[in-house]
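See structure below.
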Amino acid sequence: MLSRITVLSGGMGGARFLQGLLHGIEQGSLPGVAPDAQVTVIANTADDWWIHGLKVCPDLDTVMYTLGDGIDPDRGWGRRDETWSAKEELAAYGVEPTWFGLGDRDIATHLVRTQLLDAGYPLSDVTRALCRRWLEPRFGERLTLLPMTDDRVETHVAIADAESPSGKRVVHFQEYWVRLRAEVPAETVVVVGLDKATPAPGVAEAISGADLVVLPPSNPVVSVGTILGVPGIGPARRSPDAKVVGLSPIVGGRHVRGMAEQMLRSIGVEVSAAGVGRHYGSRSSGGYLDGWLVDSSDAGLVPALEGAGLAARAVPLMMTDPDATARMAAAAVELVS
Ligand code: GDP
Ligand code: CA
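In our numbering, the protein residues as written are 1049 to 1385.
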């Protein structure tokens, strides 16, 4: 019986997968998974940034709000029933940047977080405090959300800029994604601080103590890639018996949403479910994975993946609702059992 599952998550893709995984555990529809299985989420923090004096952690919040039933279901980020008065007031003062929207309800989360950080608590403690509202009432001890690190790590993106003497400009990931809408090619992705970061308390143990490590359909570069890039994290730390399974965020050669295509191109990885599977690599070739799920529409890629030493299978990978996503989680568990 699998009783300890660790998931390396970004924001929306990771959060939706977790919703299905937890739903499947509750329903008892995941083969070989204990009904009281513990799920630990290690979330990407390299999207984090400071804005208007507030510390914003988009991926932690997306996981927390999604699983705690506070997410805006249409946007997929931020709070449900949100209002934007603070944003409008800041714009009326001419405060930049105006392109990053913080909703009024959401601001309360960032105020609590920032005050606790200012008081000296590490992000992992602050996250635990925030989860007391969002996750504990529903999941109790069965679910733990951890930031990948307590250290400051930030993804920056180099883009072409004809007006700069070097011909390039480096922007924070949030500026690339929110202001520029990832519409210009990303030439390089640099994760500032990653090489010096240490895993947050509990993170290394969540990998070494897991029966199963899951790479959900999150962005392979700026979500899962940054988590795996923290020295001392990574399924390399898993126990020899633990399995690592991943689900492709690329379906039919395209990302489902977000900017995985741009990010994969920036690191020279083929934009396909096979390209991402080979990028993570099979355990037998020194990579991370024991198994890799691709979408049914990518079934033609399975033989090549198997040739690369990966147990691969094609199943529907669209997270349309928690039942469909629970079936994906069940297929992932089955593939490596
Ligand atoms: P972000 O931090 O909010 O960008 O979220 P993640 O990194 O966790 O997930 C983003 C990835 O999720 C993108 O690359 C999408 O292609 C992928 N994704 C979103 N929805 C789906 C889905 O329904 N199915 C699959 N297979 N991938 C999805
Ligand atoms: Ca993210």
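Where is the CB? At the ideal position from N, CA and C, for every residue including glycine.
Report the three-state DSSP secondary structure of residue i (helix, strand or coil).
i	result
residue 1324	helix
residue 1254	helix
residue 1078	coil
residue 1186	helix
residue 1295	strand
residue 1174	helix
residue 1393	Residue 1393 cannot be examined here, being either before or after the span of the chain that is shown, 1049 to 1385.
residue 1287	coil
residue 1202	strand
residue 1385	coil
residue 1168	coil
residue 1355	helix
residue 1073	helix
residue 1319	coil
residue 1062	helix
residue 1282	coil
residue 1116	coil
Quick one: what's residue i bridged to in DSSP?
i	result
residue 1057	1091
residue 1159	Its beta-bridge partners do not exist; DSSP assigns none.
residue 1361	1341
residue 1195	1091
residue 1086	1052
residue 1368	Per DSSP, none; premise fails for residue 1368.
residue 1103	1098
residue 1302	1299
residue 1330	1337
Please report the Cβ distance between residue i and residue j, rounded to the nearest whole angstrom; I am assuming they are in contact, meaning their Cβ atoms lie under 8 Å.
i	j	result
residue 1248	residue 1197	5 Å
residue 1096	residue 1202	7 Å
residue 1383	residue 1261	About 13 Å separates the two Cβ atoms, so there is no contact after all.
residue 1268	residue 1308	7 Å
residue 1071	residue 1374	5 Å
residue 1102	residue 1162	5 Å
residue 1241	residue 1200	5 Å
residue 1064	residue 1146	In fact, because the Cβ distance is near 29 Å, the residues do not count as touching under 8 Å.
residue 1091	residue 1183	That belief does not hold up - the Cβ atoms of residue 1091 and residue 1183 are roughly 12 Å apart, past 8 Å.
Quick check: does the Cβ of residue i come within less than 8 Å of any heavy atom belonging to ligand 4?
i	result
residue 1174	As far as ligands go, the structure on display features ligand 1 and ligand 2 and does not contain ligand 4.
Next item on the list: Starting from the N-terminal side, write out each stretch of the beta strand (DSSP E) that is 3 residues or longer and does not extend beyond the stretch 1205-1274.
Entry: 1216-1220, 1236-1240 and 1260-1263
Check: Mind listing, in chain order, the residues whose beta carbon lies closer than 7 Å to a non-hydrogen atom of ligand 2?
Finding: 1058, 1059, 1092, 1095, 1106, 1107, 1267, 1270 and 1271
Check: What are the complete alpha helix (DSSP H) segments, minimum 4 residues, inside the stretch 1118-1152?
Finding: 1133-1140
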